[in-house]
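Residue numbers for the sequence shown follow full-length UniProt numbering, beginning at 1 and rising by one. Just below is one structure, and these are the notes that go with it.
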Amino acid sequence: SRACVLVGIGNLGSALADYAGFGTRGFEFVGLFDASPARIGQRVGELQVRPLDELEDVVAATGASIGVITTPAEVAQGICDRLATAGVGSILNFAPVTLAAPAGVDVRKVDLSVELQVLAFLGQQRVPAEVGESA
């Protein structure tokens, strides 16, 4: 399986960390990290949330090659930089910001609001045809 770390254990981060479907596809979270003292030490699924200052050590110890960022926009670039420096080669970014990564680090951005806009547009395109068919 591919070792992954996740940074930002708010609502979205917790949901992703607790999703069992990743394991069936060969992805395993080996570290969950957050800056909030209130979240550090909490359990999400099988893992305990760790402080950010342990990020690099966990990446080194586990060989994590994928990082998932679900932090606020204003801290996401710093997390991206730390992941890249630690040796993570692929980053999935849910933060609402475009990240700059060094050469050799792949970043995919997931913008849920854009995806909803696409679905809304597709739904609007479909409505007239459906109304016309039922008349």
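In this text, a Cβ means the ideal position worked out from N, Cα and C, and glycines have one as well. Every value quoted in this text rests on a predicted model; they were computed, and no experiment measured them.
- Beta bridge pairing from DSSP links R50 with F33.
- Residue burial is scored here from C-beta neighbours: D34 has at least 16 other C-beta atoms within 10 angstroms and is therefore classed as buried.
- With a 10 Å radius around the Cβ and a threshold of 16 neighbouring Cβ atoms, N93 comes out buried.
- Taking all protein chains in view, the Cβ of V114 is surrounded by fewer than 16 other Cβ atoms within 10 Å, so the residue is classified as exposed.
- Remark: C-beta atoms of I69 and A76 approach each other more closely than 7 angstroms.
- Bridge pairing for C4: F29, I66 [DSSP].
- Only residues of its own chain outside the window of five on either side were considered, and among them A3, T62, A64 have a CB closer than 6 angstroms to the CB of V30, listed in chain order.
- DSSP places D81 in the uninterrupted alpha helix (DSSP H) bounded by 73 to 86.
- Ranked by Cα distance from R43, the options F22, G123, P96, G10 are led by G10.
- The alpha-carbon of V97 is positioned some 19 angstroms away from that of V88.
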